[in-house]
Amino acid sequence: MTKGRVAGKTAIVTGAGSGIGRGIAKRFAEEGATVVVADMAQDAADETVDLISQGGGQALAVRADVTQADDVAALVATATDAFGGVDILVNNAGISFGDTLKLHELEQYAWQKIMDVNLTGVFLCCKHVLPSLMERGGGAIVNIASAAAIGMAPRAAYAASKGGVVALTRSLAFQYGEQGIRVNAICPGPVETPMSNAVRASGMYDDDGIVDLSIKRRGTPEDIANAVLFLASDEARYVTSDVIPVDGGALRLRAERFRNR
Amino acid sequence: MSTETPTRPGRLSGKTAIVTGAGTGIGRAIAEMFAREGANVVVACRTPETGEETVALIGAAGGDALFVQTDVAAEVEVRRLIEETVRAFGGVDILCNNHAVYGIEPPELFDLTEDVWDQTMDVNAKGVFLTMKHALPVMRDAGAGSIVNISSIAALVKSALPAYAASKAAVNALTKAVSAQAAEYGVRANVITPSTIETDRRSELAHTSEYKNDFIANTAAEQAAKPIVSKVLPGFGEPDDIAYAATFLASDEAAYITGVVMPVDGGTTRTRTD
């Protein structure tokens, strides 16, 4: 029998109640992992778990706000109690709500909220999961950054938060490599998700944003999930500190489409 | 047989892959893994003995492979490689350029001869150009294809091997340019940059060379004792580490990834751990 590529491993995926996070959680379960589905919204997390159960996979929903240390500590404790430890952490939870195309119009509370979720959330989840990974003698962290962190960045707060995630990724790879913990980041380009659909529906951009790509379509959660699966699995045992775009071969951004609002 | 759980189809099932430099080391590991994942593999290299040995290994494991003797720096031979692949298997879905000359230059640039420079460029850079030039029309007609070029960490760091590094930097630039051109007909092109991988060739160089570079010149034991420029993860990489990354990029799992340079280097490019 062909074993799953992450068979026997326990994975925490944050923001797994929808979009990319749900795609990652489902893909991990298909490949044999036990998945802890963490999300702010309990019903969304439950729905992902239902989908995984229907496919014959094993998953547990945990409501957690990644900006709250208590929630994150409880998330890790729940995962450890239920499954004996954690092997994989995917920091996927993220927001872009409130960001603008002009920094001088950005409210400080929106900046702060974006930083809290996208960057502090990653810090807190890593801080609380790393001891579990060390206890296991190794593990993998995959951070979902963004193409915004490496150049395709019309929105400054979001880009800055994701740039922080890339820097954090590299630093953690350095700090914990000796303990057999690998830390990598994926930089998704435009992906078809409820979050990105909401941004497009808001009319922020003049067009659908795929003209700057080599591959003329938006990505799918599965596209991102496949890359995360590779990095989280033992197939990538010699890969750490990588920052890998999954962005349809983004070319230089055409600024004129973003300038007039 | 009915008691066995059916195995899932391979990740490259039904595809035809050319792997250059597949007679030894990383190339052989890639060829074997591609075959295990269901691809028909064309083993291209200059030396019949090693190429046929890779084919035999694949055959013994139940895979399908064909050896085509090829000097990738000679256009007439590359054209024939593509023709024979199409004749045998009906197309080219995956092209993995793994071939390279490595460790043939002296430690100092002022001792580097024009001949060695040209040979390095001919094989490492022109060889990649030629295989892509002749595989792309076949891929374009099929409306799909995946190119995975094996470059090197040397293209990204301050390498001890300037000619080798320049040739591999050319591979990176060439691949990115092709990724932008070829996307419209469904072809993706990506690069893997390995660091030190434990192969026979590396081991040989470790004991004979005079390079001022610990990636090449030190044995594993010497590196462990006194890391000068080290990597984040302990130990050397193995050929399979590159093969796993190549399999991922070659497969449809990477359908949204093109023009990417992916290091498989234990974190080497980013830091000095001492």
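So the protein sequences, as listed, match chains A and B. Read the first sequence against the numbering used here and you will find it ends at 263, with the numbers running on by one and no gaps. Read the second sequence against the numbering used here and you will find it ends at 746, with the numbers running on by one and no gaps. For glycine and all other residues, C-beta sits at the position ideal for the given N, C-alpha and C.
Asked	Found
Closest Cα partner of A40 (chain A) within the set A:E33, A:E49 and A:G34	A:E49
Rounded separation between L581 (chain B) and A645 (chain B) - CA only	23 Å
M611 (chain B) versus B:P578, B:I566 and B:Y574, residue with shortest Cα-Cα distance	B:I566
Cutoff 6 Å; reference G523 (chain B); Cβ partners in own chain excluding five residues on either side	G495, V515, C517 and F539
Short Cβ contact (9 Å threshold) for I622 (chain B) with I498 (chain B)	yes
Beta-bridge pairing of D536 (chain B) - partner residues as DSSP gives them	B:N512
Residue interval of the alpha helix (DSSP H) (run including G617 (chain B))	Note, G617 (chain B): premise wrong, no alpha helix (DSSP H); beta strand (DSSP E) at G617 to I622.
Span of the alpha helix (DSSP H), counted from its first residue to its last, around N644 (chain B)	P634 to A654
Nonlocal neighbours in the same chain, by C-beta distance under 6 Å from G100 (chain A), ignoring five residues either side	A112
Nearest-angstrom Cα separation, counted from V185 (chain A) out to G17 (chain A)	18 Å
Cβ-heavy atom distance, A66 (chain A) to the ligand NAD, below 8 Å	Absence of the ligand NAD from the depicted structure is noted, as is the absence of any ligand whatsoever, leaving it without description.
Proximity below 9 Å, CB of A641 (chain B) to CB of W589 (chain B)	no
Unbroken stretches of the alpha helix (DSSP H), 4 residues or longer, contained in the stretch 159-244 of chain A	196-203 and 223-234
Neighbour list for E180 (chain A) in chain B, Cβ cutoff strictly below 9 Å	V704, L705, P706 and T745
Interface residues of the stretch 644-662 of chain B facing chain A [CB-CB below 7 Å]	S651, A652 and A655
8 Å Cβ cut-off: residues of chain A touching T730 (chain B)	S216, I217, G250 and G251
Own chain, CB closer than 6 Å to A35 (chain A), minus 5 neighbours either side, in chain order	V8, K11 and A13
Residue-chain proximity (E137 (chain A), chain B), Cβ-Cβ < 9 Å	no
Cβ shell of L121 (chain A) (< 7 Å), same chain only, five flanking positions each side left out	S163, G166 and V167
Contacting residues, own chain, Cβ-Cβ under 6 Å from N596 (chain B) (five flanking each side not counted)	A572 and S639
Span of the beta strand (DSSP E) around R660 (chain B)	V659 to P666
Nearest to D83 (chain A) (by Cα), restricted to the options A:G96, A:N93 and A:S134	A:S134
Chain B contact for N199 (chain A) (CB, 9 Å cutoff)	no
Residue environment, E509 (chain B), which counts as buried when at least 16 other CB atoms sit within 10 Å	buried
Contacts of A511 (chain B) in chain A (Cβ-Cβ under 8 Å)	None at all; the shortest Cβ gap to chain A is about 16 Å.
Nearest candidate by alpha-carbon position, reference H106 (chain A), set A:N93, A:L126 and A:A159	A:A159
Test: V629 (chain B) CB closer than 9 Å to a CB of chain A	no
Uninterrupted alpha helix (DSSP H) stretches inside the stretch 32-71 of chain A (no shorter than 4 residues)	44-56
Opposing strand residues paired with G541 (chain B) [DSSP bridges]	Gly is not the amino acid found at residue 541 (chain B); the sequence shown has Gln there. According to DSSP, Q541 (chain B) bridges with B:C517.
L628 (chain B) beta carbon less than 9 Å from that of P735 (chain B)	yes
Beta carbon of G139 (chain A) nearer than 9 Å to that of G96 (chain A)	no
Own chain partners of F720 (chain B) with C-beta closer than 7 Å, once the 5 adjacent residues on each side are dropped	A726
Own chain, CB closer than 8 Å to F125 (chain A), minus 5 neighbours either side, in chain order	L170
Selection of the stretch 142-165 of chain A by Cβ proximity to chain B, strictly under 8 Å	none
Unbroken beta strand (DSSP E) run spanning G599 (chain B), endpoints	Per DSSP, G599 (chain B) belongs to no beta strand (DSSP E); it is in the alpha helix (DSSP H), G599 to A614.
Closest by C-alpha distance to R91 (chain A), when choosing among A:N228, A:R219, A:T195 and A:I183	A quick correction: the sequence has Leu, not Arg, at residue 91 (chain A). Looking at the Cα atoms, A:I183 is the closest of the given residues.
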